[in-house]
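*Asks:* So the sequences go chain by chain: A and B. Residue numbers 426 to 953, in the working numbering, belong to the letters of the first sequence in order. Residue numbers 266 to 616, in the working numbering, belong to the letters of the second sequence in order. There's a structure below that I have some questions on.
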Amino acid sequence: MTNDIAGIKKADVILIIGSDTSAAHPVIAARIKQAVREGNSKLIVIDPKRIVMADYAEIYAAHRPGTDVAVMNCMMHEILKNGWEDKEYVESRLEGFEEFKTEIMNDKYSPENIAKISGIKADTLRAIAKLFGQAKTASLFYAMGITQHTTGRDNVWTTANLQMICGNLGVEGGGVNPLRGQSNVQGACDMGGLPNVYPGYQNVTLPAIQEKFEKAWNCKLDNKVGITITEMIDGAYDGSVKAIYVMGENPFLSDPDQTHVIKAFERVDFMVVQDMFITETAEFADVILPAAAYAEKDGHFTNTERRVQRINKIIEPPKGVKNDWEIIQLIANAMGSDWNYQTVRDITQEINALTPSYAGITWERVGRTGLQWPCPNTEHPGTPYLHKEKFARGKGLLSAKAFQEPDELPDEEYPLILTTGRVLQQFHTGTMSRKTQGLNNLAGPMVMISVEDAERLGISNSEVVSISTRRGEITAPAFVTKRISTGVIYIPFHYKESPANRLTNPAIDPIAKIPEYKVCAAKIRKIS
Amino acid sequence: MIVYLNGKAYEASPGETVLQVALRNHLYIPHLCFHEKTGKAAKCRACVVEVEGMPGLKTSCNQPVTEGMKVTTNSKQVLDAQRLVVDLALSSGRHDCLACEQNGNCELQDAAYYLGITKPSFQLYDDNYEIDDSSEFIVVDRSKCISCGRCIVGCNHTVVNEVLNYGNRGYETKIVFDTDLPMGSSTCVQCGECVQLCPVGCIIDKRTIGAGRTWELDKVETVCPYCGVGCKLEVHIDRTQDKIIRITGVEDSPTNNGMLCVKGRYGFDFVNSEERLTSPMIKENGKFREASWEEAIALVASKFTSIKDEFGSDSIVGLASAKVTNEENFAFQKFIRKEVGTNNVDHCARL
Numbered sequence: 426m427t428n429d430i431a432g433i434k435k436a437d438v439i440l441i442i443g444s445d446t447s448a449a450h451p452v453i454a455a456r457i458k459q460a461v462r463e464g465n466s467k468l469i470v471i472d473p474k475r476i477v478m479a480d481y482a483e484i485y486a487a488h489r490p491g492t493d494v495a496v497m498n499c500m501m502h503e504i505l506k507n508g509w510e511d512k513e514y515v516e517s518r519l520e521g522f523e524e525f526k527t528e529i530m531n532d533k534y535s536p537e538n539i540a541k542i543s544g545i546k547a548d549t550l551r552a553i554a555k556l557f558g559q560a561k562t563a564s565l566f567y568a569m570g571i572t573q574h575t576t577g578r579d580n581v582w583t584t585a586n587l588q589m590i591c592g593n594l595g596v597e598g599g600g601v602n603p604l605r606g607q608s609n610v611q612g613a614c615d616m617g618g619l620p621n622v623y624p625g626y627q628n629v630t631l632p633a634i635q636e637k638f639e640k641a642w643n644c645k646l647d648n649k650v651g652i653t654i655t656e657m658i659d660g661a662y663d664g665s666v667k668a669i670y671v672m673g674e675n676p677f678l679s680d681p682d683q684t685h686v687i688k689a690f691e692r693v694d695f696m697v698v699q700d701m702f703i704t705e706t707a708e709f710a711d712v713i714l715p716a717a718a719y720a721e722k723d724g725h726f727t728n729t730e731r732r733v734q735r736i737n738k739i740i741e742p743p744k745g746v747k748n749d750w751e752i753i754q755l756i757a758n759a760m761g762s763d764w765n766y767q768t769v770r771d772i773t774q775e776i777n778a779l780t781p782s783y784a785g786i787t788w789e790r791v792g793r794t795g796l797q798w799p800c801p802n803t804e805h806p807g808t809p810y811l812h813k814e815k816f817a818r819g820k821g822l823l824s825a826k827a828f829q830e831p832d833e834l835p836d837e838e839y840p841l842i843l844t845t846g847r848v849l850q851q852f853h854t855g856t857m858s859r860k861t862q863g864l865n866n867l868a869g870p871m872v873m874i875s876v877e878d879a880e881r882l883g884i885s886n887s888e889v890v891s892i893s894t895r896r897g898e899i900t901a902p903a904f905v906t907k908r909i910s911t912g913v914i915y916i917p918f919h920y921k922e923s924p925a926n927r928l929t930n931p932a933i934d935p936i937a938k939i940p941e942y943k944v945c946a947a948k949i950r951k952i953s
Numbered sequence: 266m267i268v269y270l271n272g273k274a275y276e277a278s279p280g281e282t283v284l285q286v287a288l289r290n291h292l293y294i295p296h297l298c299f300h301e302k303t304g305k306a307a308k309c310r311a312c313v314v315e316v317e318g319m320p321g322l323k324t325s326c327n328q329p330v331t332e333g334m335k336v337t338t339n340s341k342q343v344l345d346a347q348r349l350v351v352d353l354a355l356s357s358g359r360h361d362c363l364a365c366e367q368n369g370n371c372e373l374q375d376a377a378y379y380l381g382i383t384k385p386s387f388q389l390y391d392d393n394y395e396i397d398d399s400s401e402f403i404v405v406d407r408s409k410c411i412s413c414g415r416c417i418v419g420c421n422h423t424v425v426n427e428v429l430n431y432g433n434r435g436y437e438t439k440i441v442f443d444t445d446l447p448m449g450s451s452t453c454v455q456c457g458e459c460v461q462l463c464p465v466g467c468i469i470d471k472r473t474i475g476a477g478r479t480w481e482l483d484k485v486e487t488v489c490p491y492c493g494v495g496c497k498l499e500v501h502i503d504r505t506q507d508k509i510i511r512i513t514g515v516e517d518s519p520t521n522n523g524m525l526c527v528k529g530r531y532g533f534d535f536v537n538s539e540e541r542l543t544s545p546m547i548k549e550n551g552k553f554r555e556a557s558w559e560e561a562i563a564l565v566a567s568k569f570t571s572i573k574d575e576f577g578s579d580s581i582v583g584l585a586s587a588k589v590t591n592e593e594n595f596a597f598q599k600f601i602r603k604e605v606g607t608n609n610v611d612h613c614a615r616l
């Protein structure tokens, strides 16, 4: 998030697009609902599912999955047409406006034309643009509904375009606010768990950065960008990847096209999985190393608003279990290296020394409420919101993105759009949440289908049906509801017995390399 | 500004109430309906005090302080009034502390203790009470309800789930879910905010019943292991078994302000799960067998080394984790970059 959680109530208008907030981020949903109920904020929800947040919205619109760029470009078309953009902000803080405006003002983005593409009525598109464009401060929240597309990067860029022309970046209560889905996904990115950057997003291809880390770690480092998770699976499948080391992940259920993943795991020469449990992924491992749970260790998580918070050891781990960092150090030293971390604090210190945005977030300073990065020195109070007064790159760069259809569209054989996501009571691949029986009692596998489609296919509520795509087939009980658009079905991906990712399309965004989980072509049939 | 409580001077800020100044200075005034988060209510009347120059008794939870204000919290008149209010609350329900989950953590019990009430003066409750245990994680025993309204304010104004409300009138008044449905059939999402706000033993965590008295449990703060909001948790632990008994939200956390969701509050079984791995495992002939750490680490190190030597560093890939700490992710990417010699490190941020 460019902005912070406490600032949510400062927005006059809040737009949620591509986030089932009350299911996936319930406490941020509560903050948004508070802002709507208690404050002066008005909510706009754009989502193919009539999510719970729609009940609190001034305007709710269901768009066809994958048409986010079209919808937001249309909003900007209307905003520019009516002069609702923040002219002073555009003038002083942004660049590329003229070219941008030429593209966006093209008639193809008029409400009438976008209505045909998105399925949202032209008048509703106008109303959304007006409410959002006329707001003094508007914030935008999204989650994987924006990113998990072959146009994921264009979608994200478009959210930034919208917030830039409206002058909503670098102000309290505004912002482009992606909601991070896992307890420390922000921290894993910040710490360089990515193939192109060292900790603190320092590029692996920059000689000065390479030199800094080579000196700190006393070794030679590679300056070539590595491969992403989807490419790793492909590499294992085609033989270029020989060994996989997995720490606390379950790609068996989280990666697209499960059949492909299984073949990849079977082909790889050597696989190590470090986890709390024998997960579905660990079944394929050659070695499994037992790791401690969050409650059994000290350290830090970084949340979705960039707040670094302490996690404390609460109980002793089961006998025979080690901390992840200890296991990594053992392997490194067994390979002939010279690691010598005595406690987790030694690593925190190294992070402070090598990561400029974390330099001031020392063990001693984190305290009970944490610190938000960037925090460049030990006097710095942390940064509640980014891009105040100027952007990281200087001027904000506007760049209009043309609308592109998703990779796989419905056709005669597979006439429905399948989209995937989460439910409130389960989490990711279920390795944690599914150990609590009460949560399983509340939320099992299902496929959400519209009343119209269910009636057409003769499917009744709770009836177990078959869902298939070009990748595979699963079965799940039908949840017949008015909450989903006609022509769209929705399956949560938590369940190994009904794995949504056996069905999903592995096509990826060419730059972000994120798979298109939110759109693929599917069909449903009755089993009996 | 300065205010005087029982003749002693205290610093206070404009906008503060008498009760807030008192509590901040560890001067107890009985109060049942007030909670910092749900705010002034002035319904239960347990917090009445005398304010010099003002007629009658004033509810301290909504009485703003003024410069030089003189407040008495312990006169006979005040204590008698407080005692009657608390006595009536005790009389109107089945407030038997013996096996109550809230024993030791009950604000009604605290008030009774402070006022020296050993036995309710009246016995108004009906023995035919029903306990609503239809919900997966929460039990409601309305015979213990004192109609303070904190759960209702929390449900409607804090988490804004808008499920709880008052139903009926007068003596029949009770808290209801939706249109007086059993909790388990209502639209309740079991976030447990009402449990956290309930001052008595009316709304309690189902799974902690009989699992440990509040004073036997250690409490440690940490961060929720589920989504990326980063809610601060207070974990209640039974040290004798190294077991998590209960989780509550940290009220003064800027991320969650005490709120949690059903997973964060109740989904902690995985930590103490019987299925936890406790030994390294090595696969032989398609089957896993237990191995020592020495053997497992030696095998991993020798395989990584030989694969690196034979096929090059780029033939090895590592998946870091969105569920482990910053320090562990730092160590992991350092391992892949320094020891393996490749930038082939990623994690499921995209998935």
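Here a beta-carbon is modelled for each residue, glycine too, at the ideal position from N, C-alpha and C.
Starting from A/Ile553 and walking both ways along the beta strand (DSSP E), at which residues does that stretch end?
*Replies:* Not the beta strand (DSSP E): A/Ile553 falls in the alpha helix (DSSP H), residues 547-559.
*Asks:* Go to B/Asp309, then tell me how far its alpha helix (DSSP H) extends in each direction, as first and last residue.
*Replies:* Note that residue 309 of chain B is Cys in the sequence shown here, rather than Asp. Per DSSP, B/Cys309 belongs to no alpha helix (DSSP H) and is neither H nor E.
*Asks:* Hey, could you find the ends of the beta strand (DSSP E) A/Ala668 is sitting in?
*Replies:* It spans 668-672 - the beta strand (DSSP E) in which A/Ala668 sits, taken as one unbroken run.
*Asks:* State yes or no: is the C-beta of A/Glu804 within less than 7 Å of the C-beta of B/Leu584?
*Replies:* Cβ distance not < 7 Å, so A/Glu804 and B/Leu584 don't count as in contact.
*Asks:* Please state whether DSSP places B/Gly529 in a helix, a strand or coil.
*Replies:* The answer is helix: DSSP assigns B/Gly529 an H, G or I state.
*Asks:* Alpha carbon to alpha carbon, how far is A/Ile713 from B/Met546? Give it in angstroms, no decimals.
*Replies:* Going from the Cα of B/Met546 to the Cα of A/Ile713 covers about 5 Å.
*Asks:* Assuming B/Cys326 and B/His296 form a contact by the criterion Cβ under 8 Å, report the distance between their Cβ atoms to the nearest whole angstrom.
*Replies:* Going by Cβ atoms, the distance from B/Cys326 to B/His296 rounds to 6 Å, so yes, they are a contact pair.
*Asks:* Locate the alpha helix (DSSP H) running through B/Pro519, then write down its first and last residues.
*Replies:* Looking at the DSSP string, B/Pro519 is not in any alpha helix (DSSP H), and its letter there is neither H nor E.
*Asks:* Just the Cα atoms here: how many angstroms apart are A/Cys800 and A/Tyr783?
*Replies:* So the two alpha carbons sit approximately 6 Å from each other.
*Asks:* Using alpha carbons as the reference points, say which of B/Ala376, B/Asp406, B/Ile382, B/Ser580 lies closest to A/Lys667.
*Replies:* Residue B/Ser580 is the option with its Cα nearest to A/Lys667.
*Asks:* I'd like to confirm the pairing. Which residues does DSSP put opposite B/Ala274 in its beta bridges?
*Replies:* Looking at the DSSP assignment, B/Ala274 forms a beta bridge with B/Tyr269.
*Asks:* Would A/Gly606 count as contacting chain B if we go by Cβ distances under 7 Å?
*Replies:* Judged by the 7 Å Cβ criterion, A/Gly606 is in contact with chain B.
*Asks:* Could you run through the region 626-638 of chain A and flag, in chain order, every residue whose CB is less than 8 Å away from some CB of chain B?
*Replies:* Answer in chain order: Val629, Phe638.
*Asks:* What is the rounded straight-line gap between the Cα of B/Gly432 and the Cα of A/Met426?
*Replies:* When rounded, the distance between both Cα atoms is 41 Å.
*Asks:* Taking the continuous beta strand (DSSP E) assigned at A/Asn602, which residues delimit it?
*Replies:* Counting along the chain, the beta strand (DSSP E) containing A/Asn602 begins and ends at 601-603.
*Asks:* Mind listing the chain A neighbours of B/Ser544? Cutoff is C-beta to C-beta under 8 Å, in chain order.
*Replies:* Residues of chain A passing the Cβ test: Pro715, Gly745.
*Asks:* Shortest alpha-carbon distance to A/Val746 belongs to which of B/Phe569, B/Ile502, B/Ala561, B/Leu270?
*Replies:* It is B/Ala561 whose Cα lies nearest to the Cα of A/Val746.
*Asks:* Hey, would you say A/Cys499 sits closer than 7 Å to A/Pro536, going by beta carbons?
*Replies:* Result yes, Cβ atoms of A/Cys499 and A/Pro536 sit closer than 7 Å.
*Asks:* Does the region 487-494 of chain B come close enough to the region 727-744 of chain A to have 3 or more Cβ pairs within less than 8 Å?
*Replies:* Contact holds: three or more Cβ-Cβ distances are below 8 Å.
*Asks:* Which residue from B/Glu559, B/Met448, B/Thr590 puts its Cα closest to that of A/Val610?
*Replies:* Ranking the options by Cα distance to A/Val610, first place goes to B/Thr590.
*Asks:* Below 8 Å on the Cβ atoms is my contact criterion, and I expect B/Val494 with A/Ile933 to pass it. Report the Cβ-Cβ distance as a whole number of Å.
*Replies:* About 27 Å; that fails the 8 Å criterion.
*Asks:* What are the uninterrupted segments assigned as alpha helix (DSSP H) that are 4 or more residues long and contained completely in the region 405-471 of chain B, given in chain order?
*Replies:* Counting whole runs of 4 or more residues, the region 405-471 of chain B contains the alpha helix (DSSP H) stretches 415-418, 458-462.
*Asks:* Specify the secondary structure class of A/Ala699 as computed by DSSP and reduced to three states.
*Replies:* Here residue 699 of chain A turns out to be Gln, not Ala, going by the sequence shown. A/Gln699: strand per DSSP, three-state reduction.
*Asks:* Counting Cβ pairs, one atom from each stretch, are 3 or more of them under 8 Å apart for the region 823-839 of chain A and the region 904-911 of chain A?
*Replies:* Because the criterion of three Cβ pairs below 8 Å is not met, the region 823-839 of chain A and the region 904-911 of chain A do not touch.
*Asks:* Pick from A/Tyr514, A/Ile916, A/Leu550, A/Leu505: whose alpha carbon is nearest that of A/Glu528?
*Replies:* Closest option to A/Glu528, Cα to Cα, is A/Leu505.
*Asks:* Taking a cut of 9 Å between CB atoms, which residues from the region 793-809 of chain A lie near chain B?
*Replies:* Cβ contacts with chain B come from Arg793, Thr794, Gly795.
*Asks:* Exposed or buried, which one is A/Asp832 when buried takes at least 16 other CB atoms within 10 Å?
*Replies:* A/Asp832 comes out buried.
*Asks:* Apart from the five residues just before and just after A/Asp615, which ones in its own chain have a Cβ nearer than 6 Å to its Cβ?
*Replies:* Excluding positions up to five away in sequence, the list reads Thr727.
*Asks:* If distances are taken between C-alpha atoms only, which option among B/Gly318, B/Glu437, B/Cys467, B/Ser518 comes closest to B/Asn361?
*Replies:* What sits at residue 361 of chain B in the sequence shown is Asp, not Asn. Nearest option by C-alpha distance: B/Cys467.
*Asks:* Pairing CB atoms from the region 347-358 of chain B with CB atoms from the region 375-387 of chain B, are three or more of them under 8 Å?
*Replies:* At 8 Å Cβ cutoff, the stretches touch.
*Asks:* Bridge partners of A/Arg518, per DSSP?
*Replies:* Its beta-bridge partners do not exist; DSSP assigns none.
*Asks:* Which residue or residues does DSSP assign as beta-bridge partners of A/Ser782?
*Replies:* Looking at the DSSP assignment, A/Ser782 forms no beta bridge with any residue, so it has no partner.
*Asks:* Return the residue from the list B/Phe299, B/Glu481, B/Glu315, B/Val316 that minimises the CA-CA distance to B/Lys308.
*Replies:* Answer by Cα proximity: B/Phe299.
*Asks:* Three or more C-beta pairs closer than 8 Å, one from the region 928-944 of chain A and one from the region 567-581 of chain A: is that the case here?
*Replies:* Touching, per the Cβ criterion.
*Asks:* Taking C-alpha atoms, which residue in A/Cys644, A/Ile772, A/Ala585, A/Lys458 lies nearest to A/Asp493?
*Replies:* Comparing Cα-Cα distances from A/Asp493 to each of A/Cys644, A/Ile772, A/Ala585, A/Lys458, the minimum goes to A/Ala585.
*Asks:* Under 7 Å Cβ to Cβ from A/Tyr485, same chain only, skipping five residues before and after it: list those, please.
*Replies:* Within the same chain, A/Tyr485 has close Cβ partners Val470, Arg475, Ala479.
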